[in-house]
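K.L.:
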Amino acid sequence: MTDTSTRPRRRLEFCLTVTVVVALTGLGIASLVLPNTTLPQLRVGPASTTDSIGEAEAVDPRLAEIQRIVEPFGPIIARHVPTGDGRRSLIVGHPSQEMAIDTLEREVAAATEAVTAVWGPDWAQSALVVVASSPSEFAGLLRATSLVPAEVAAASVADPISPGHRPTGQRVVFSSEAARRLTPEELAGLLRHELTHIAARSRTVIDAPRWMLEGFADYVAHHGRGHRFSDIVPTLVARARAGDLPHALPTDAEFAGPDAALGYETAWSVCAFVAEKYDLPHLVQLYVRIASAEQDPTSEDHVLREVLGTTRSGFLADWHAWLAARAG
Ligand SMILES: [Zn+2]
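Throughout the sequence shown, residue numbering follows our numbering, covering 34 to 361 in sequence.
#1: Exposed or buried, A155, counting other C-beta atoms within 10 Å across all chains shown (16 or more means buried)?
#2: Taking only heavy atoms of ligand 1 into account, decide whether any of them is closer than 7 Å to the Cβ of E247.
#3: In the DSSP assignment, the alpha helix (DSSP H) including H260 goes from what residue to what residue?
#4: Going by the DSSP bridge assignment, what does P115 pair with across the sheet?
#5: Grab me the residues of R359's own chain with a C-beta within less than 7 Å of its C-beta, minus the 5 sequence neighbours each way, in chain order.
#6: So, is R101 buried or exposed, given that buried needs 16 or more other C-beta atoms within 10 angstroms?
#7: At the level of alpha carbons, what is the spacing between G107 and E287?
#8: Between the Cα of P217 and those of S166, E140, A250, D285, spot the shortest distance and give me the residue it belongs to.
#9: Shorter than 7 Å, the distance from the beta carbon of H230 to the closest heavy atom of ligand 1, or not?
#10: If we count the other Cβ atoms within 10 Å of its Cβ and call it buried at 16 or more, is S346 buried or exposed?
#11: Compute the Euclidean distance between the alpha carbons of A275 and T268, then round it to the nearest angstrom.
#12: Helix, strand or coil for I239? Go by DSSP, reduced to three states.
#13: So, do the stretch 150-167 and the stretch 218-236 have three or more beta carbon pairs nearer to each other than 8 Å?
#14: For P128, count neighbouring Cβ atoms within 10 angstroms of its own Cβ and tell me buried if that reaches 16, exposed if not.
#15: For E138 versus V103, is the C-beta distance shorter than 8 Å?
#16: Do you know whose CA, among A241, V185, E339, lies nearest V206's CA?
#17: Ignore the nearest five residues each way along the sequence and tell me which others in A273's own chain have a CB closer than 6 Å to its CB.
#18: Are R234 and A294 close, meaning C-beta to C-beta below 8 Å?
#19: Whose C-alpha, out of H353, P94, H255, is nearest the C-alpha of V270?
#20: Provide the residue(s) that pair with A187 in DSSP beta bridges, ordered along the chain.
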C-alpha cells in the first residue's frame with residue numbers, strides 16, 4: 034500500500050538524488066579524489082573571448098536558463114554542434130575551460146552516435162553540455178543545495194519525469210576539475226557515459242539498481258573503442274591477482290566513497306559479460322527491465338530468468354568465471 038503522505042517528500046528526494054548522481058567512471062576518474070580547495074570565484078575574462086552568445090540564444094531556448102546560472106561566473110562560450118538526425122547539441126562554458134569545451138565540441142557528435150548505436154534512435158540525440166568553472170558553479174548547474182563531493186567529475190540532471198512524458202531539462206555538467214585534469218580521451222568517455230544516462234532516462238527510475246545504471250553507462254562509454262580489459266578495470270585485475278574477485282553484484286553503496294572505482298568496474302564487467310555471452314540486444318533488454326523499476330532480489334531473479342533464461346546463481350557463476358578468465 035502506498036503511503037500518500039510521503040509523496041511530496043519522495044518527489045523532493047527524486048530531485049535531490051538526480052542532482053548528485055555520481056558520474057565517476059572506470060576511466061581512472063575514480064582515483065581522482067580531489068581536495069575541495071578550489072574556492073568559488075568569479076571568472077572575468079576579456080570580452081573578445083565570448084562567442085556570439087546573442088546568436089546562440091536566439092535559436093536555442095536551452096541557453097536561457099544556463100545563461101542565468103553561468104553568467105555571474107564570467108564571459109560565456111556557447112557552441113552549437115550538429116548531432117544526429119538534424120538535431121543540434123549545445124556546449125556551454127567559460128574561456129578558462131576552452132580546451133575542454135573544444136574537446137567536447139569535437140566529441141559530442143561521435144558520442145551521440147555511439148550511444149545511438151547501442152541504445153537505438155529513440156532519444157533526443159542532442160545534448161546540452163555545460164562545463165563549470167568552479168565547485169559553486171558546478172553545484173548551481175546541478176541544482177544542488179551544497180557543494181558536490183569533489184570526486185564527482187560530471188553528472189547528468191533532469192527535471193522530475195512525468196509518467197508517459199519525455200524527460201525535460203536534461204543536461205550534462207562537467208566539473209571544473211574534470212575539465213582541468215582529464216585527458217581528451219577521458220572526457221570523451223565521460224561524455225558517452227553521461228549521454229547514455231540521458232538517452233536511457235525515460236526508461237529509468239532513480240531507485241533502480243546502480244549496478245545496472247552505471248554498468249550500462251560505462252559499457253557504452255567503452256564500447257567499440259578498442260580499450261584493453263586491464264585498462265578498463267585495473268582494480269578488478271589487481272583483485273584477481275590477490276584472489277579476491279567479487280562474487281556478487283555491487284550494492285548501491287559501493288558506488289560512492291573511496292572504493293567507488295571497484296563498484297563501477299564490477300558493474301561494467303557485468304554488462305560486458307552479458308553483451309559477450311548473450312548479445313547487445315539482450316543487454317539493452319536487461320537494462321530496460323531492470324532499470325524501469327525499483328528491484329528486490331525476487332524481482333531481479335524474475336528478470337534474469339525472463340531476459341537471459343538463467344537463475345541468479347547460474348548468472349553469477351558464469352559471470353565470475355568470465356571475469357576470472359579475463360582478469361586472472
Ligand atoms: Zn553514471
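Ideal Cβ positions, reconstructed from N, Cα and C, are used throughout, including at glycine.
P.N.:
The relevant details are as follows:
#1: Checking the sequence, you will find Asp at residue 155 rather than Ala. The C-beta of D155 has fewer than 16 other C-beta atoms within 10 Å across all chains shown, which makes the residue exposed.
#2: Flag set: Cβ of E247 near ligand 1.
#3: H260: not part of any alpha helix (DSSP H); DSSP gives it neither H nor E.
#4: According to DSSP, P115 bridges with R121.
#5: Closer than 7 Å at the Cβ level, and outside the excluded window around R359, lie F262.
#6: So R101 ends up on the exposed side.
#7: Rounded to the nearest angstrom, the two C-alpha atoms are 37 Å apart.
#8: Looking at S166, E140, A250, D285, the one whose alpha-carbon comes closest to that of P217 is E140.
#9: It does: the Cβ of H230 is within 7 Å (strictly closer) of some heavy atom of ligand 1.
#10: Exposed, since its Cβ has fewer than 16 Cβ neighbours within 10 Å.
#11: Each residue's Cα considered, the two are about 11 Å apart.
#12: DSSP places I239 in coil when its eight states are reduced to three.
#13: Yes, the stretch 150-167 touches the stretch 218-236.
#14: Residue burial annotation: P128 is buried, with at least 16 other C-beta atoms found within 10 angstroms of its C-beta.
#15: In this structure, E138 sits away from V103, with a CB-CB distance that is not shorter than 8 Å.
#16: When each option's Cα is compared against that of V206, the closest is V185.
#17: A360, G361.
#18: In this structure, the beta-carbon distance from R234 to A294 does not fall below 8 Å.
#19: Selection H353, P94, H255 evaluated against V270 yields H353 as nearest (Cα-Cα).
#20: Beta-bridge pairing links A187 to F207.
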